[in-house]
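In the working numbering, the protein residues as written are 193 to 356. A short write-up of the structure that comes next.
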């Protein structure tokens, strides 16, 4: 069961990271397009600013699951390094529960914001609802839950190895 969950979690975390990378590429491309239209053609495309902002929001919330999975989000390095193995496992559980509570709050309020924002349109993109921007919070939160549980089952301390 643990092995199947970790395989599923690895796949979903890679999917989330792929989406985050695509959103970063989208934001960069739109930024270049915006520079071209504003300074070369002298006809700015206002809609690109909004899409860049949305892309960055989605990039962040889809990239966070990888940080949770690698143990790089919530860190208590000093206490963890000084603790005996049994206390380390207790710290893993405390950090996991605290992170899950935070992510569940983000999912709850993110879904609420998305529903409330569904009647609001985006400035510059009048046909697009704010629902799609706010949806990044609950979607990213669901991916985060998998990453947090995956890190609890198979801890990876990659931030400690790279921090000098």
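By construction, the Cβ of each residue, glycine as well, lies at the ideal position given by its N, Cα and C atoms.
In the structure shown, residue 234 falls within a coil segment according to DSSP collapsed to helix, strand and coil. For residue 247, no beta strand (DSSP E) encloses it; the enclosing alpha helix (DSSP H) starts and ends at 239 to 261. In the structure shown, residue 311 adopts coil according to DSSP, grouped into three states. Rounded to the nearest whole angstrom, the C-alpha separation of residue 243 and residue 316 is 9 Å. Per DSSP, residue 317 is one residue of the beta strand (DSSP E) stretching across 317 to 321.
Distance from the CA of residue 320 to the CA of residue 280, rounded to the nearest whole angstrom, comes to 47 Å.
Distances from the CA of residue 207 to each of 196, 225, 334 and 239 were compared; the closest alpha carbon is that of 334. Excluding its 5 nearest sequence neighbours in each direction, residue 327 has C-beta neighbours in its own chain below 6 Å: 306, listed in chain order. Out of 283, 290 and 288, the CA that lies nearest to the CA of residue 270 is found in 283. Remark: three or more beta-carbon pairs, one from each stretch, lie closer than 8 Å, so the region 208 to 223 and the region 243 to 262 are flagged as touching.
In this structure, the CA atom of residue 292 is about 35 Å from the CA atom of residue 223. Check the Cα spacing between residue 277 and each of 347, 200 and 196: the tightest is with 347. About 6 Å separates the CB atoms of residue 337 and residue 295; that is less than 8 Å, so the two are in contact. Residue 196 carries a helical assignment under DSSP once its states are collapsed to helix, strand and coil. In this structure, the alpha-carbon of residue 323 lies about 10 Å from that of residue 304. Minimum Cα-Cα distance from residue 218 among the listed residues 345, 264, 245 and 289 corresponds to 245. Bounds of the alpha helix (DSSP H) holding residue 330 are 328 to 345.
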